[in-house]
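Keeping their order, the protein sequence lines are chains A and B.
For the first sequence, the residue numbers in the working numbering are 1 to 110.
For the second sequence, the residue numbers in the working numbering are 1 to 123.
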Amino acid sequence: RKEVEQDPGPFNVPEGATVAFNCTYSNSASQSFFWYRQDCRKEPKLLMSVYSSGNEDGRFTAQLNRASQYISLLIRDSKLSDSATYLCVVIFSGYSTLTFGKGTMLLVSP
Amino acid sequence: DAGVIQSPRHEVTEMGQEVTLRCKPISGHNSLFWYRQTMMRGLELLIYFNNNVPIDDSGMPEDRFSAKMPNASFSTLKIQPSEPRDSAVYFCASSLRVRGVGLETGVAKNIQYFGAGTRLSVL
């Protein structure tokens, strides 16, 4: 079983739409969670951390569901500039290394 | 801050040649990571250093790959001899490693910052 799984997409949405991605992880003792964003031919960059109580940053909302072992990212009012690959990242218990999902591609069209 | 600096940005070489990738981490960071990214396998951790000491090299594909970190501001990843299947984007990342990894409201630990990557093509 893969450690961090994501739907590769692509998710094609019009501007202004709301879109949500899920990511599942295999290790129930996982301790830290992040969403990274990667633009085409660029490096991954931290989008937001995912806190146990859920957190919001502008149009972006991240949620953690420990019981079902998944995290989610909700993007409201999608912009063309949101087009990118969104990487789910998990730090497993006892390690400081990040385990990346393969990413979900989002394409926002006019 | 200049961020993580990698060189070269692009490298094209012939099979059998030695390739050396370079990385300068963010000043003050104590952990450095080398990743490889391909379409098929995604982002894979090759090796990471903590305080210049290699901690986990289990991701290094084979003996052709080696990495060094002679000081806190410089690291190299070497492939000798290179093969076409080594073609990928190689990223270096650095972070300030904090003990007691955990989830705390409003506190994010061990965030990694990536360099722009080296796009390697082995012909």
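C-beta atoms are modelled at their ideal positions from N, C-alpha and C, and glycine is treated no differently.
heavy atom of the ligand FMN below 6 angstroms from residue i C-beta
| i | result |
| --- | --- |
| Y86(A) | As presented, the structure is devoid of all ligands, the ligand FMN included, so that no description of it is given. |
Close beta carbons around residue i, own chain, < 7 angstroms, minus the five adjacent residues each side
| i | result |
| --- | --- |
| H29(B) | S94, S95 and L96 |
| N12(A) | L107 and S109 |
| N71(B) | N52 |
| F114(B) | V4, F91 and A93 |
| Y36(A) | P44, K45, L46, L47, L87 and V89 |
| K68(B) | S75 and T76 |
Beta-carbon proximity check, residue i vs residue j, cutoff 7 angstroms
| i | j | result |
| --- | --- | --- |
| Y86(A) | F34(A) | no |
| F65(B) | I79(B) | yes |
| Y48(B) | T97(A) | yes |
| S82(B) | Q17(B) | yes |
Cβ of residue i within 7 angstroms of any chain A Cβ
| i | result |
| --- | --- |
| A116(B) | yes |
| F91(B) | yes |
| G102(B) | Per-residue confidence for G102(B) stands at a pLDDT of 49, beneath the threshold of 50, marking its modelled position as unreliable; no derived number is given. |
| L77(B) | no |
| I111(B) | yes |
| G28(B) | no |
| L46(B) | no |
| L43(B) | yes |
Proximity winner among the options, relative to residue i (alpha-carbon distances)
| i | options | result |
| --- | --- | --- |
| I26(B) | P8(B), N51(B) and L45(B) | N51(B) |
| S109(A) | S83(A), Q6(A) and G103(A) | S83(A) |
| G111(A) | M39(B), I55(B) and T13(B) | One cannot answer for residue 111(A) here, as it falls past the ends of chain A, which runs 1 to 110. |
| F92(A) | S28(A), V13(A), S72(A) and Q6(A) | S28(A) |
| G58(A) | L73(A), L98(A), C88(A) and L64(A) | L73(A) |
| K79(A) | E5(A), N55(A) and G16(A) | G16(A) |
| Q6(B) | D86(B), S121(B), L77(B) and S82(B) | L77(B) |
| R76(A) | T18(A), S26(A) and V13(A) | T18(A) |
| C40(A) | E56(A), Q63(A), L64(A) and S81(A) | S81(A) |
Chain B within 7 angstroms of residue i, Cβ atoms only
| i | result |
| --- | --- |
| P110(A) | no |
| F11(A) | no |
| F21(A) | no |
| L73(A) | no |
| T97(A) | yes |
| E43(A) | yes |
| N27(A) | no |
| L46(A) | yes |
| F100(A) | yes |
Close beta carbons around residue i, own chain, < 8 angstroms, minus the five adjacent residues each side
| i | result |
| --- | --- |
| R9(B) | A116, G117, T118 and R119 |
| Y51(A) | A62 and L64 |
Which of helix, strand or coil DSSP assigns to residue i
| i | result |
| --- | --- |
| D63(B) | coil |
| S81(A) | helix |
| R9(B) | coil |
| P70(B) | strand |
| P84(B) | helix |
| R76(A) | coil |
| P14(A) | strand |
| V4(B) | coil |
| F33(B) | strand |
| C88(A) | strand |
| R59(A) | coil |
| C23(A) | strand |
| F49(B) | strand |
Cutoff 6 angstroms; reference residue i; Cβ partners in own chain excluding five residues on either side
| i | result |
| --- | --- |
| G102(B) | Here G102(B) scores only 49 on pLDDT, less than 50, and its place in the model should not be relied on; the value that follows carries that caveat. There are no such residues. |
| E142(B) | Limits of chain B in this structure are 1 at one end and 123 at the other, which puts residue 142(B) out of reach. |
| S49(A) | F34 |
| C88(A) | V4, Q6, C23 and G101 |
| V90(A) | V4, Y25, S30, F33 and T99 |
| T104(A) | Q6, D7, G9, F21 and Y86 |
Below-7 angstroms beta-carbon distance, residue i vs any chain E residue
| i | result |
| --- | --- |
| G16(B) | Within the model displayed, chain E is absent; protein chains A and B are what it includes. |
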